[in-house]
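Below is one structure, written out as structure tokens, with a few remarks after it.
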Ligand code: NAD
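Residue numbers (our numbering): 1455 to 1788.
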């Protein structure tokens, strides 16, 4: 393939120079806008997008020359894989850019909750230098339940070991070598929920993991545990989370992701959305406003080093495809 038409969408200005340098000679178009039906270039042969750009079947169908999709992320639930597969378009991701980056953010959320970091900081900024009412809990000797022991989950386990925590885990595909190496035990999900003081989610969003934490099993969580989610919002049924917060089933939640998070900032667009999406948005607002939650805006991946690694791998994926070898292809789209 010589000099294909390559289009990048959603590239923040501070990353554009780094990307241009890496893509020298290939002259891609680089837009800071998210992709949408109104800003497509029909000649595009290779498309690169961030998670903020949902690649719907409508968009894919409107690009007749499209030969490859590169997502600048590990997760791929923003892409209609069935539509890509139907047209034989490989979808390639960045499998491992952020295992330490997302794991570090996970620890930040855990410590933020257990040490009451945000109310503490707020109090001092407001002029009150007083620790009463801000008592936290130790991590040492507490049980961390890791759901999904892939790249990020395994990294969280390594870090939690440094805090002398006990680790239990659940994964649909348990890795016994990893369990022996890092020193943790696999349990069923129900047992993990019942035993963990802190539960942290690290599975991809798939049909099998949608609402993995739901209205039925949320009651099985150990009373007073913390729930952390840096994977994908829809792993947790929002009704279940609101119930757990309002009934003190959990002591708090640290979330970098929310179901239908794209709608939170776009209230004026809600007219076109389903009743379910509108309900989820209302529940998200309850979750955001709750005093025992810490919510970050899908920011766990967002470190300088991780962004450079994301661009490096995306460029490698694209160049490799151009030279006839597809790498990092998402199996679900094959
Ligand atoms: P990974 O593929 O290395 O690990 C995922 C693990 O989940 C695997 O061990 C797999 O066996 C397990 N799994 C799959 N289906 C399961 C099921 N039904 N039940 C239980 N376990 C199941 O992925 P990773 O690199 O560790 O990333 C995990 C997720 O984190 C990504 O899919 C992505 O959605 C999310 N993520 C979020 C951010 C962010 O900025 N918040 C950044 C990167 C990744």
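We put the beta carbon where it would ideally sit given N, CA and C, even for glycine.
Proximal residues to residue i (C-beta, below 6 angstroms), its chain only, five neighbours per side dropped
{"i": "residue 1462", "result": "1482, 1484, 1502"}
{"i": "residue 1599", "result": "1622, 1646, 1650, 1653"}
{"i": "residue 1596", "result": "1619, 1651"}
{"i": "residue 1507", "result": "1463, 1464, 1488, 1489"}
Supposed close pair residue i, residue j - CB separation, criterion 8 angstroms
{"i": "residue 1768", "j": "residue 1469", "result": "At roughly 11 angstroms, the Cβ-Cβ gap does not stay under 8 angstroms, so residue 1768 and residue 1469 are not in contact."}
{"i": "residue 1689", "j": "residue 1655", "result": "5 angstroms"}
{"i": "residue 1687", "j": "residue 1711", "result": "4 angstroms"}
{"i": "residue 1643", "j": "residue 1624", "result": "5 angstroms"}
{"i": "residue 1640", "j": "residue 1658", "result": "Between residue 1658 and residue 1640 the Cβ distance is about 18 angstroms, and since that is not below 8 angstroms, they are no contact."}
{"i": "residue 1557", "j": "residue 1523", "result": "The pair is not a contact, with the Cβ atoms about 27 angstroms apart (cut-off 8 angstroms)."}
{"i": "residue 1564", "j": "residue 1682", "result": "6 angstroms"}
{"i": "residue 1776", "j": "residue 1455", "result": "5 angstroms"}
Own chain residues within Cβ distance below 8 angstroms of residue i, not counting five before or after
{"i": "residue 1648", "result": "1674, 1675, 1676"}
{"i": "residue 1486", "result": "1464, 1465, 1466, 1467, 1470"}
{"i": "residue 1534", "result": "1509, 1510, 1511, 1514"}
{"i": "residue 1693", "result": "1669, 1737"}
{"i": "residue 1572", "result": "1566, 1748"}
Spatial neighbours of residue i in its chain, beta-carbon cut-off 7 angstroms, leaving aside the 5 residues before and after
{"i": "residue 1727", "result": "1717"}
{"i": "residue 1554", "result": "1609"}
{"i": "residue 1632", "result": "1603, 1608"}
{"i": "residue 1547", "result": "1525, 1527, 1528, 1530, 1782, 1784"}
{"i": "residue 1764", "result": "1526, 1548, 1551"}
{"i": "residue 1719", "result": "none"}
Continuous beta strand (DSSP E) stretch holding residue i: start and end
{"i": "residue 1598", "result": "1597 to 1601"}
{"i": "residue 1604", "result": "No beta strand (DSSP E) contains residue 1604, which DSSP labels as neither H nor E."}
{"i": "residue 1525", "result": "1522 to 1525"}
{"i": "residue 1624", "result": "1620 to 1624"}
{"i": "residue 1683", "result": "1679 to 1683"}
Host alpha helix (DSSP H) of residue i (start-end)
{"i": "residue 1538", "result": "1535 to 1540"}
{"i": "residue 1566", "result": "1553 to 1568"}
{"i": "residue 1493", "result": "Neither: residue 1493 is in no alpha helix (DSSP H) and is coded neither H nor E."}
{"i": "residue 1775", "result": "1758 to 1776"}
For the region 1740 to 1756 against the region 1702 to 1709, do three or more pairs of beta-carbon atoms, one drawn from each stretch, fall closer than 8 angstroms, so that the two count as touching? yes
Could you tell me whether the region 1485 to 1499 touches the region 1749 to 1767, where touching means 3 or more Cβ pairs closer than 8 angstroms? no
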